[in-house]
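Peer 1: Handing you a structure now.
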Amino acid sequence: MFRLNLKIALRNLWKHKLVTAINIGGLSVALAAFLLITLYVGYETSYDASVPGRERVFQVCRSLPDSKTPYTPAALGQLLKRSLPDIEATGTVKKGGFDFAVTKEDRTYFTTDYTLIDYEGARLFDLKPQGGLKEPENDQTGQFYLSDAAFQLLFPKKRDNAPELVVLGSKSAGFTAPVAGAAHANPHSVLQYDALSVQKQLGSGEGFDSNNYFTYVRVKPGTNKSVLEAEITKLYRSALIGAGADAGSSEVKTAAIILDPLNNLHLKPAYGSDAPYKTVVALLALGMLILVIACINFTNLSIAQAAGRAREVGIRKVMGAARRRLAQQFIAEIFLQCLLAAALGLVMAELLIPRFNSVFQVPLTIRPFENGLLWKFPLIIIFISLAAGAYPAVVLSGFRPAAVLKGNFQTSAETTWLRKGLLVFQFTAAAVFIASLLIVSAQLRYMRTEDKGFRAEQVLAVTNMRIYSDPKKFEPARAQLLGIPGVRNATVATDIPDGSKTGTARYTISGKEIMTGFVNVDFDYFETLSIPIVSGRSFSPAFKTDTADAAILNERAVARFGLTDPVGKLIRGCDKTYRIVGVAKDAKAQGFAQAVEPTIYTMKNTCANPKVRILIKVEASEMLSAIAALRKRWPEINKGDGEFFRYRFLDEIYGRLFHKEEQLQQVFTAAAVLTVLIAMMGLFAYARYLIGSRNKEIAVRKVLGAGSFQLLQLFNAGFLKLVLLANLLAWPLAYLFMQAWLGGFAYRISIPLFPFLAACMLTVFLTLITVSAQAWRAMKASPAGTLKYE
Amino acid sequence: MIELNNIEKYHPAKGIKHYVLRHVSASIASGEFVSVMGPSGAGKSTLLNILGMLEEPTYGTYHFMGEDITSMNERKRIELYRNHIGFVFQAYHLIDEMTVQENIEAPLIYKKIVASERKSRVADLLDRFNMVAKKDLFPSQLSGGQQQLVGIARALVAEPSLILADEPTGNLQSAQAAEIMSLFRKLNREEGITIVQVTHSEKNAQYGNRILTIEDGVVRTDTPVAGQL
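Have a look at this one:
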């Protein structure tokens, strides 16, 4: 019985090769997409899965009046460990904050993420460096480790675990230090580093006012998080008072500590944006949607084929088959197709994974034993078989023999309505994605071409360790830089337009106080970045006092302070009074998502970080020779930095701010292609069935004198109505969706009409082609043959 | 074997009862070969469908082998199909995806007969109908007459006591039709199978031993065949 049914199922699928191929193809594409997304979501939500007691590990964050920050004093971790028995372990981490060269003989590695961690923290994160984790003997010496790649680069032939000596920093000004080995930085962790120093204790002797450390705690099982938070807050406040703060001050009163679960740190840290989490949820929804659309297709096609199978159902029933048995048979057939689709989908996913990994920068692999695919995938197949097969099975097995055996059988109006609904749903999804894709692309184009307020092209951002806060110190370096042919301008500043936030402080002009971002710059800053000065003048060596108390505001600051004629006015902040000499155009240094902040540019600012970021503007035509010269002469130009000239192009750095949007564009492209493809497949098969079942009508109409054009019109009209309806439904959806997305940008396009028209035209065009191709085939058949057969 | 009592069948259309059958009462004894005749739309096929339990009468009672069919549930009805009734259709209605052999075998599978028994019964029928050479062909590869032979073989394989045939020769040319009708007569006479056929052809009706004429849903005449062919 089963064998016979299987045989019939296979013969049936073979007989309708094209529809079967479409059915299986569509489902496998959707399954591949779903599989990739499931893997991705699984990866993103399982960060730090290898950390022991992961659910009980928290990052300690400080809650400020209007934000939260992960930066805590090192003393806090030690205090918590001493005072609270509920805390099992604490870990303190500090980011080195500067890059340096590590040299062994003629091989050099530049660290970019030097990290310090205390011994207990290394144990909390279960770090397993080469040679095992050893507790440092005293506070001064730590164990220095390098990342796998760096260690491999410096010691390509190393086999044993003996420590090696390397030079840290430049050869001339650096010092020699031992490397304990390689410490693998798990990419699947929030703790990242390429050079690691494990110390006995971090920040010993520092007080509660240096918030430079990340603190992690592991609590005992069964600890109540909110109770613990309250206890820590109390401890922290009394520690602040102990350190000399006034008990009644707002600094103490508003101080609060929250515990952020390790599970959340990667996707939705309390102190940061939850955009990654939203992306993951949106992707999961997208995966489900694509799968649902494919299932709908499957159901749709199966019902469309039902008419052909109706007679078979009738005969089987007359021969004594029970309905349940027939339903089982149909489910089995659908299961068979799902199985084929699943196999095909797996192959596709395997082929697509490298591309997917490069877009999302993840190391995903399909290893059924590792990520539970072995039991998840069969479950998915069974679920799809039931979801896509239940309805057709019920409909098909429900046919009444007396009706279907008479010959003139048509599936009922009810299923026609349902099928139309499903088709509309599919096209709505397709149109939403097409329109959204075009809008995302338009916004990206806008961000790439719109005036940023500065020009990043042909500007080199040089990595530098020497501090140039005093303009006099930079003067000789600038003179030498300008001596190189092709170098037009050179400057140094605390901040460059790379998307990062500047420091902020309260500044006052005639009594009005505003939180203002500050950037400490050198001469030629505005010229190097081509930021136009709209009134007044730029900083200039011709004015002796510029290096002491001159300030330039941006337009935003002028507007916020409500100034009409700012040049010459005095502004006070950071315990210093400046004289405004000019107004600069707003530079979108933080990208397009944030509105430009009111900013003050000065040349001397005690609040600011040291000036270390060197910017060099080079003539495009002389770029290569200029870089070669810079590389060669760097040690003499910039003695403090050493012999290595390291640079990046500023437009490249700034372009990385669009990475998320580019990723989204890629996702939408894939989604649009997938949904359109699947919808077209569904339409194709449905049109084929519908027109096939109207062969006789076509023949009769032809005999009655209908022309080809009239017949094409007849068939297209019905489908076009559905597609237009789908577009009407899609427009408001896409509009609201994109409106919400664009809401995240301070500088954005207003939604144009074009994407909606394009989505409509594209879907209509594809529908016309698909339906007409099918209709054409039917129309070419000789009416005599069709009518005779009937 | 069959007792029809006051059978009525109508379709409600716009509030008006559209009668297909009216007050049909008839009884068919075991071993009879009955031909139902009448003009198009008279209700012949509906009567046959009711006999075959493919349709339910709106009113009246139908006893089959002493059991009241009208109050029977689906499961018991399927039991009756399997064990007592074989259908033969004008359009043959073979399953296109099955070979000749598989088509004939299908009813036995639903009767849960073991494979060896199935094989021997199918082989026996193929032999009887001279179709051994064609057993692995698909219906589309056979002529109409041959397809109808397979259809009859399929109806016979479950060893029914009643065969219901709806214009079994309607799609065939006269030589083939005569062949099929002789086969029916042989089955009726030699194996005692009760046969009810719907036909338009006076000639085919002569193969049976009784003719029921239906007009406008009412039995007009019920006459025995004088000189059966």
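Chains as they are written, first to last, in this note's numbering: chain A, 407 to 1196; chain B, 64 to 292. Even glycine gets a Cβ: it sits at the ideal position worked out from N, Cα and C.
Would DSSP call B:G101 helix, strand or coil?
Peer 2: Reduced to three states, the DSSP call for B:G101 is coil.
Peer 1: Kindly indicate if chain B contains any beta-carbon less than 8 Å away from that of A:V724.
Peer 2: Yes, A:V724 counts as interfacial toward chain B.
Peer 1: Anything in the segment 117 to 144 of chain B with a Cβ closer than 9 Å to a Cβ of chain A? List those residues in chain order, please.
Peer 2: Cβ contacts with chain A: L117, E118, E137, R138, I141, E142, L143, Y144.
Peer 1: As a quick exercise: from A:P675, A:N703, A:G575, pick the residue whose alpha carbon is nearest that of A:V425.
Peer 2: The shortest C-alpha separation from A:V425 is found at A:N703.
Peer 1: Compare the C-beta of A:A728 with all C-beta atoms of chain D and state if any pair is closer than 8 Å.
Peer 2: Any reference to chain D falls outside this structure, whose protein chains are A and B.
Peer 1: Which residue wins for smallest C-alpha separation from B:Q269, given the options B:G94, B:M64, B:S98?
Peer 2: Per the Cα distances, B:S98.
Peer 1: Quick check: the segment 1125 to 1135 of chain A against the segment 1154 to 1161 of chain A, are at least 3 beta-carbon pairs closer than 8 Å?
Peer 2: Contact between the segment 1154 to 1161 of chain A and the segment 1125 to 1135 of chain A is absent, because fewer than three Cβ pairs lie under 8 Å.
Peer 1: Going by the beta-carbon positions, is the gap between A:E635 and A:L490 smaller than 8 Å?
Peer 2: Cβ atoms of A:E635 and A:L490: not closer than 8 Å.
Peer 1: Does A:G923 come out as helix, strand or coil in the three-state DSSP assignment?
Peer 2: Strand.
Peer 1: At least one CB of chain B closer than 8 Å to the CB of A:N670: is that the case?
Peer 2: Answer no: the Cβ-Cβ gap between A:N670 and chain B never drops below 8 Å.
Peer 1: Which residue from B:L143, B:N68, B:A238, B:L235 puts its Cα closest to that of B:A221?
Peer 2: Nearest of B:L143, B:N68, B:A238, B:L235 to B:A221, Cα basis: B:L143.
Peer 1: If you drop the 5 nearest sequence neighbours on each side, which residues of the same chain put their C-beta closer than 8 Å to that of A:A591?
Peer 2: S553, D554, L597, Q598, Y599, D600, L602.
Peer 1: Excluding the 5 residues preceding and the 5 following B:I172 in the sequence, name in chain order all residues of the same chain whose CB lies nearer than 8 Å to its CB.
Peer 2: Taken in chain order, the residues that qualify are R181.
Peer 1: Given a cut-off of 8 Å on the beta-carbon distance, is the pair A:V800 and A:E450 in contact?
Peer 2: The answer is no: Cβ separation not under 8 Å.
Peer 1: Which residues in chain A have a C-beta closer than 7 Å to the C-beta of B:K174? List them in chain order.
Peer 2: Here the neighbours are G726.
Peer 1: Compare the beta carbon distance of B:I132 and B:K72 with 8 Å and say whether it is the shorter of the two.
Peer 2: No, these two residues do not count as a Cβ contact at 8 Å.
Peer 1: Can you give the beta carbon distance from A:L811 to B:F152, rounded, assuming they're within the 8 Å contact cut?
Peer 2: Confirmed, Cβ separation roughly 6 Å.
Peer 1: Any idea which residues DSSP pairs A:Y551 with across the strands?
Peer 2: For A:Y551, which the question treats as bridged, DSSP gives the partners A:G587, A:L602.
Peer 1: Consult DSSP for A:L1159 and reduce its assignment to one of helix, strand or coil.
Peer 2: Coil, per DSSP.
Peer 1: Quick check on A:A819 - is its C-beta less than 8 Å from some C-beta in chain B?
Peer 2: With a pLDDT of only 49 at A:A819, under 50, the local geometry of the prediction cannot be trusted, and the value read off the model is given with reservation. Closer than 8 Å: no.
Peer 1: Could you tell me whether the Cβ atoms of A:V1170 and A:F1121 are closer together than 8 Å?
Peer 2: Contact: no.
Peer 1: On a CA-only basis, which of B:I70, B:E230, B:L235, B:P223 is nearest B:G101? Give me that one, please.
Peer 2: With distances taken between Cα atoms, B:G101 lies closest to B:E230.
Peer 1: Within its chain, find whatever has a CB closer than 6 Å to the CB of B:E118; leave out the 5 residues flanking it on each side and keep chain order.
Peer 2: Correct list, in chain order: N112.
Peer 1: So A:L758 and A:A438 are supposed to be a Cβ contact under 8 Å. How far apart are they, rounded?
Peer 2: Going by Cβ atoms, the distance from A:L758 to A:A438 rounds to 6 Å, so yes, they are a contact pair.
Peer 1: Determine the DSSP secondary structure at B:L84, reduced to helix, strand or coil.
Peer 2: Strand at B:L84.
Peer 1: Do A:L559 and A:R513 have their CB atoms nearer than 8 Å?
Peer 2: Closer than 8 Å, so yes.
Peer 1: Would you please verify whether the beta carbon of A:P807 is less than 8 Å from any beta carbon of chain B?
Peer 2: Yes, its Cβ sits closer than 8 Å to a Cβ of chain B.
Peer 1: Cβ atoms of A:Y984 and A:A957: under 8 Å apart, would you say?
Peer 2: Yes, Cβ-Cβ distance for A:A957 and A:Y984 is below 8 Å.
Peer 1: What residue ranges within the segment 961 to 1001 of chain A form continuous beta strand (DSSP E) runs of no fewer than 3 residues, ordered along the chain?
Peer 2: Taking only runs of at least 3 residues, the beta strand (DSSP E) segments lying wholly in the segment 961 to 1001 of chain A are 976 to 979, 982 to 990.
Peer 1: Give the interface partners of A:R717 over in chain B, defined as CB-CB distance under 7 Å, in chain order.
Peer 2: The contacting residues are H156.
Peer 1: Is the beta carbon of A:A710 less than 8 Å from the beta carbon of A:T1081?
Peer 2: No. Outside cutoff.
Peer 1: Measuring CA to CA, which of B:L84, B:K77, B:G94, B:P75 is closest to B:E346?
Peer 2: Beyond the ends of chain B as shown, which are 64 and 292, falls residue 346 of chain B; an answer cannot be given.
Peer 1: So for B:N272, helix, strand or coil by DSSP?
Peer 2: Note: B:N272 maps to coil in three-state DSSP.
Peer 1: Residues of chain B with CB closer than 9 Å to the CB of A:L410, please, in chain order.
Peer 2: Neighbours of A:L410 on chain B, chain order: M161, E165, E168, A169, I172.
Peer 1: Find the residues of chain A that neighbour B:N112, judging by a C-beta separation of less than 7 Å, and give them in chain order.
Peer 2: Near B:N112 (Cβ distances below 7 Å), the residues of chain A are A808.
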